[in-house]
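Q:
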Amino acid sequence: MTDYPADSILVLLDTTPSGALTKSAAGLLGAAAGVGTPVALIVAAGGEQLASDAAALGAARVLVAEPTELGAQLTVPVADALAAAAELVRPDAVLVSNSIEGREIAARFAARSRSGLAVDAVGVSRDAEGVIAHHSVYGGAYNVDSAVTWGAPVITVREGAIDARAEAQPVSIERLEVAASARRAAVIDSVDEAVVTSSRPELRGAAKVVSGGRGLGSEEQFALVDQLADVLGAAVGASRAAVDAGYVPQSYQVGQTGVSVSPQLYIALGISGAIQHRAGMQTAKTIVAINKDADAPIFEIADFGIVGDLFTVVPQLIAALEARKA
Amino acid sequence: MKIVVLVKEVPDTYGDRKLNLETGLADRAASDTVLDEIGERALEVALSYADGHADTEVVVLSMSPEAAAATVRKGLAMGASSAVQLVDEALVGADLGLTAEALAGALQHIGYDLVIAGNESTDGSGGVLPAMIAELLDVPNATSLNSVEIAEGEVRGERASDHGTMQVTATLPAVISITERLPDARFPNFKGIMAAKKKPFETLSLAEVGVDAETTEASRSIMISLAEKPPRTAGTKIVDEGDAGERLAEYLVQNRLA
Ligand SMILES: Cc1cc2nc3c(=O)[nH]c(=O)nc-3n(C[C@H](O)[C@H](O)[C@H](O)COP(=O)(O)OP(=O)(O)OC[C@H]3O[C@@H](n4cnc5c(N)ncnc54)[C@H](O)[C@@H]3O)c2cc1C
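So the protein sequences, as listed, match chains C and G. Heads up: the first sequence begins at 2 in my numbering, then just goes up one per residue. Heads up: the second sequence begins at 260 in my numbering, then just goes up one per residue.
Printed below as a string of structure tokens:
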């Protein structure tokens, strides 16, 4: 049996269907390194290949597992691997990405091990009693810290929320054997991986975001949002009304039931600023809004607001920015 | 087929939502409360299946303070056959673990073929309860579904995952959760509201569902500090007089944002 450091933080790294580490890995390992020794768990076919990526991002040790039902069953095989890893490592905390797959794996693992579960943390720290999770709730209106009554907390970490990065470590791999729990699971019939054709930054964790709302009027006219985003090197977001109208896919939605972003710059075009939209963007450093309705609530939180028609203001803005670049 | 739909009373997000800075609990008096929209959509999935399958029983289950009974009744008015409310002083401020155990206990008490929940509530937005409950009940979780097809003995659908979508199938009994891609819920009509008054409404305590809130066998998550952030204030607002695009470009450049 191998010894793991007493201050080990077990970090489950998400992988994409095509078998790469997801972008959340750097932040998770960065957070873990701030409170202990990061021990990464990679549950993927051919996970050994990813171990050096994990080490480069700060994993002192890398566990690699490939449970038999991996890819065939939903959630359960990875939860089984996480349970086996926690048994072996006996960590001070377990960190998992607050992605759809990640948080459900954390959910099953926490329920099974009866561990305290803290979700959607935007940071972690440590005090004399253990690891603490920091949360930003009700759309960033409150800061909440949580701890657990005993044992290692299971913490899901909001994607893109952690800026800290860990130092690269030498690669140290161990293969983890996973005994199947035989818990009943849903069957994965097929996977349709979304092809990322865009060279734009990803919405989560982006430094700049340009979002469009119902005010864009149509899918074709939404292209104006893309154009401004490209001039600024920004990610593209949208309101729920724009998603519902079919201008953009659901993954673009910013807000309470979409993605939460905290960029340096957030530009809202033709978005009224409903409270559910604000909940996902009001922690942005600088907010710019363009809306033809002077009473739109978005102006209450905008650092720079323009009352005007976005179809005249935005093309002029793009031209002015391009002229400065040239 | 017995379908249990998990519903929740939440602060109306169209108003301001407050946390009580002393207790750390949602300040229910500070905002209007509503049935969570995603729970209504979950109920709609059950009701539209029941529309086409006469032998379907739809139960709404809610863990909530007693005062939420009126909100839970809305589920009956929309068309559920009966309602169960889990009410217990010991559940005030319950963490995710205790909430999952309490709901799993209630589900075992009620009996179910299919449990339908929203993928995440608008207040807690944890997105973990359906999978936790599935684990505790040892049934499959087919969660985060953009579409739902209920058949004899199984449930299928398209799962919104992190890198695209998946087709998943679960054998019943199962727990599913749905996304807001599913249709809006029907409105309760007058007939439904009148009928709701005569429908069974059961109140359960933790003891009745066999859950001990005080057990030290489970570790619980507790809030150790809470602070309100100062609200954001408005900055400059200009009315476009033909040069607003130029002025915004200047602002962005000056602030090193472009
Ligand atoms: C439970 C729940 C969850 C929700 N979650 C979310 C969420 O996650 N994200 C979200 O965004 N919403 C969410 N909503 C919906 C939210 O309440 C609003 O309906 C939505 O944000 C409105 O989108 P919008 O601002 O694009 O549309 P609208 O409110 O219709 O606003 C469009 C704006 O465009 C302006 N406009 C029109 N034409 C022009 C023009 N030519 N130039 C400039 N301005 C123009 C108008 O003045 C108007 O202010 C949620 C609602 C509920 C109940």
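Where is the CB? At the ideal position from N, CA and C, for every residue including glycine. Keep in mind that this is a model prediction, so the values were computed, not measured.
Just to confirm the assignment, what range does the alpha helix (DSSP H) spanning V304 (chain G) have?
A: Position 45 of the second sequence, counted from the first residue, corresponds to residue 304 (chain G). Per DSSP, V304 (chain G) belongs to the alpha helix (DSSP H) from E296 to G311.
Q: Pull the bridge partners of H135 (chain C) from the DSSP assignment, please.
A: For the purposes of this step, residue 135 (chain C) is taken as the residue at position 134 of the first sequence. According to DSSP, which records beta bridges pairwise, H135 (chain C) is partnered with C:G124 and C:D146.
Q: Would G152 (chain C) and S182 (chain C) qualify as a contact pair, given that the criterion is a beta-carbon distance under 8 Å?
A: On the first sequence, residue 152 (chain C) is found 151 positions in, with the first residue counted as 1. On the first sequence, residue 182 (chain C) is found 181 positions in, with the first residue counted as 1. It is not a contact, given that the beta carbons lie outside the stated cut-off.
Q: Which residue wins for smallest C-alpha separation from A148 (chain C), given the options C:S98, C:L118 and C:E160?
A: Indexing the first sequence from 1 puts residue 148 (chain C) at position 147. Checking every option, the nearest Cα to that of A148 (chain C) belongs to C:L118.
Q: Using the Cα positions of A84 (chain C) and S114 (chain C), report the straight-line distance between them to the nearest angstrom.
A: Translated into positions along the first sequence, residue 84 (chain C) becomes position 83. Translated into positions along the first sequence, residue 114 (chain C) becomes position 113. Their backbone Cα atoms lie some 8 Å apart in a straight line.
Q: Rounded to the nearest angstrom, what separates V172 (chain C) and D121 (chain C) at their Cα positions?
A: To locate residue 172 (chain C), count along the first sequence from 1; it is residue 171. To locate residue 121 (chain C), count along the first sequence from 1; it is residue 120. In a straight line, the C-alpha of V172 (chain C) is about 29 Å away from that of D121 (chain C).
Q: Mind checking if T428 (chain G) is an interface residue toward chain C, Cβ cutoff 8 Å exclusive?
A: In the second sequence, counting from the first residue as 1, residue 428 (chain G) sits at position 169. T428 (chain G) counts as touching chain C.
Q: So is the beta-carbon of T462 (chain G) under 7 Å away from any non-hydrogen atom of ligand 3?
A: In terms of ligand content, the structure shown lacks ligand 3 and carries ligand 1 instead.
Q: Flag this pair as yes or no: are the beta carbons of S240 (chain C) and G256 (chain C) separated by less than 8 Å?
A: Taking the first residue of the first sequence as 1, we reach residue 240 (chain C) at position 239. Taking the first residue of the first sequence as 1, we reach residue 256 (chain C) at position 255. In contact: S240 (chain C) and G256 (chain C) (Cβ atoms closer than 8 Å).
Q: When the Cα atoms are used, what is the spatial distance from L507 (chain G) to T313 (chain C)?
A: Locating residue 507 (chain G) in the second sequence gives position 248, where the first residue counts as 1. Locating residue 313 (chain C) in the first sequence gives position 312, where the first residue counts as 1. Cα to Cα, the separation comes out at about 13 Å.
Q: Would you say T424 (chain G) faces chain C, with C-beta separation under 8 Å as the test?
A: The residue you call residue 424 (chain G) lines up with position 165 of the second sequence. So, interface residue.
Q: From the DSSP output, in three-state form, read off Q74 (chain C) for me.
A: Residue numbering aside, residue 74 (chain C) sits at position 73 when the first sequence is read from its first letter. DSSP places Q74 (chain C) in strand when its eight states are reduced to three.
Q: Note down, in chain order, each residue of its chain lying with its Cβ closer than 6 Å to the Cβ of P202 (chain C), except the 5 sequence neighbours on either side.
A: For the purposes of this step, residue 202 (chain C) is identified with residue 201 of the first sequence, where counting begins at 1. If we look at P202 (chain C) and ignore the five residues flanking it on each side, its Cβ neighbours are A236.
Q: Quick one: Cα of V192 (chain C) to Cα of Q513 (chain G), how far?
A: Here residue 192 (chain C) refers to the residue found at position 191 when the first sequence is read from its first residue. Here residue 513 (chain G) refers to the residue found at position 254 when the second sequence is read from its first residue. Between V192 (chain C) and Q513 (chain G), the C-alpha separation is close to 46 Å.
Q: Using the Cβ count rule (16 or more neighbours within 10 Å means buried), how would you classify T495 (chain G)?
A: The residue you call residue 495 (chain G) lines up with position 236 of the second sequence. Exposed, by the Cβ-count rule.
Q: How far does the alpha helix (DSSP H) with G334 (chain G) in it extend, from its first residue to its last?
A: Taking the first residue of the second sequence as 1, we reach residue 334 (chain G) at position 75. Taken as a continuous stretch (DSSP letters only), the alpha helix (DSSP H) holding G334 (chain G) covers A328 to M337.
Q: Would L71 (chain C) pass as an interface residue toward chain G - the criterion being a Cβ-Cβ separation below 8 Å?
A: Translated into the one-based positions of the first sequence, residue 71 (chain C) becomes position 70. It does not; no Cβ of chain G falls within 8 Å.
Q: Of all the CB atoms in chain C, is at least one closer than 8 Å to the CB of A472 (chain G)?
A: Working through the second sequence from its first residue, we reach residue 472 (chain G) at position 213. With 8 Å as the cut-off, A472 (chain G) does not count as an interface residue toward chain C.
Q: In the DSSP output, which residue or residues are listed as bridge partners for V407 (chain G)?
A: Here residue 407 (chain G) refers to the residue found at position 148 when the second sequence is read from its first residue. BP columns for V407 (chain G) point to G:G416.
Q: Can you give the beta carbon distance from A27 (chain C) to A169 (chain C), rounded, assuming they're within the 8 Å contact cut?
A: If you number the first sequence from 1, residue 27 (chain C) lands on position 26. If you number the first sequence from 1, residue 169 (chain C) lands on position 168. The Cβ separation is near 11 Å, so there is no contact.
Q: May I have a chain-ordered list of the beta strand (DSSP E) segments no shorter than 3 residues that lie completely inside the segment 177–242 of chain C?
A: The qualifying runs are 188–194, 209–213 and 236–239.
Q: State the start and end residues of the unbroken alpha helix (DSSP H) segment that holds R325 (chain C).
A: As a first step, residue 325 (chain C) must be located in the first sequence, where it is residue number 324. L311 to K326 is the extent of the alpha helix (DSSP H) around R325 (chain C).
Q: Taking P68 (chain C) and A45 (chain C) to be in contact with their CB atoms under 8 Å, please state how far apart those CB atoms are, rounded to whole angstroms.
A: Translated into the one-based positions of the first sequence, residue 68 (chain C) becomes position 67. Translated into the one-based positions of the first sequence, residue 45 (chain C) becomes position 44. Going by Cβ atoms, the distance from P68 (chain C) to A45 (chain C) rounds to 10 Å, so no, they are not a contact pair.
Q: Of the residues that make up the segment 301–313 of chain C, which ones have a beta carbon closer than 8 Å to any beta carbon in chain G?
A: If the cut-off is 8 Å between Cβ atoms, the segment 301–313 of chain C has E301, I302, A303, D304, F305, G306, I307, V308, G309, D310 and T313 near chain G.
Q: Once DSSP output is grouped into helix, strand and coil, what is the label at T358 (chain G)?
A: Taking the first residue of the second sequence as position 1, residue 358 (chain G) is located at position 99. The answer is helix: DSSP assigns T358 (chain G) an H, G or I state.
Q: Please name the residue in C:A327, C:P18, C:V79 and C:Q265 whose C-alpha comes closest to that of V97 (chain C).
A: For this step, residue 97 (chain C) is matched to residue 96 along the first sequence. Nearest of C:A327, C:P18, C:V79 and C:Q265 to V97 (chain C), Cα basis: C:V79.
Q: Rounding to the nearest angstrom, what Cα-Cα distance links L404 (chain G) and D499 (chain G) in this structure?
A: Taking the first residue of the second sequence as position 1, residue 404 (chain G) is located at position 145. Taking the first residue of the second sequence as position 1, residue 499 (chain G) is located at position 240. So the two alpha carbons sit approximately 44 Å from each other.
Q: If the criterion is Cβ atoms closer than 8 Å, does the pair L357 (chain G) and R479 (chain G) meet it?
A: As a first step, residue 357 (chain G) is located in the second sequence; it is residue number 98 there, counting from the start. As a first step, residue 479 (chain G) is located in the second sequence; it is residue number 220 there, counting from the start. For L357 (chain G) and R479 (chain G), yes; Cβs fall inside 8 Å.
Q: In whole angstroms, what separates the C-alpha of V125 (chain C) from that of P389 (chain G)?
A: Taking the first residue of the first sequence as 1, we reach residue 125 (chain C) at position 124. Taking the first residue of the second sequence as 1, we reach residue 389 (chain G) at position 130. V125 (chain C) and P389 (chain G): Cα-Cα distance of roughly 25 Å.
Q: Just to be sure I understand the criterion: a residue counts if its Cβ is closer than 5 Å to at least one heavy atom of ligand 1. Which residues meet that?
A: Working through the chain, the matches are C:G214, C:R215, C:G216, C:S240, C:R241, C:A242, C:G256, C:Q257, C:T258, C:G259, C:G271, C:I272, C:S273, C:A275, C:Q277, C:H278, C:N292, C:K293, C:D294, C:A297, C:D310, C:L311, G:E296 and G:T381.
Q: Considering only the alpha carbon of each residue, which of C:L75, C:A180 and C:V138 lies closest to M482 (chain G)?
A: By 1-based counting over the second sequence, the position of residue 482 (chain G) is 223. Per the Cα distances, C:V138.
Q: Which of the three DSSP states is assigned to P298 (chain C) in this structure?
A: Here residue 298 (chain C) refers to the residue found at position 297 of the first sequence. Looking at P298 (chain C) - three-state DSSP - the assignment turns out to be helix.
Q: For the beta strand (DSSP E) holding E509 (chain G), just list the boundary residues, first then last.
A: Walking along the second sequence from the start, residue 509 (chain G) turns up at place 250. Here E509 (chain G) belongs to no beta strand (DSSP E); instead the alpha helix (DSSP H) covers A503 to Q513.
Q: Are any of the Cβ atoms in chain C nearer than 8 Å to that of E505 (chain G)?
A: As a first step, residue 505 (chain G) must be located in the second sequence, where it is residue number 246. Taking Cβ atoms only, chain C reaches closer than 8 Å to E505 (chain G), which makes this a yes.
Q: Would you mind sorting R176 (chain C) into buried or exposed? The rule is 16 or more other CB atoms within 10 Å of its CB.
A: Along the first sequence, one-based indexing puts residue 176 (chain C) at 175. Exposed, since its Cβ has fewer than 16 Cβ neighbours within 10 Å.
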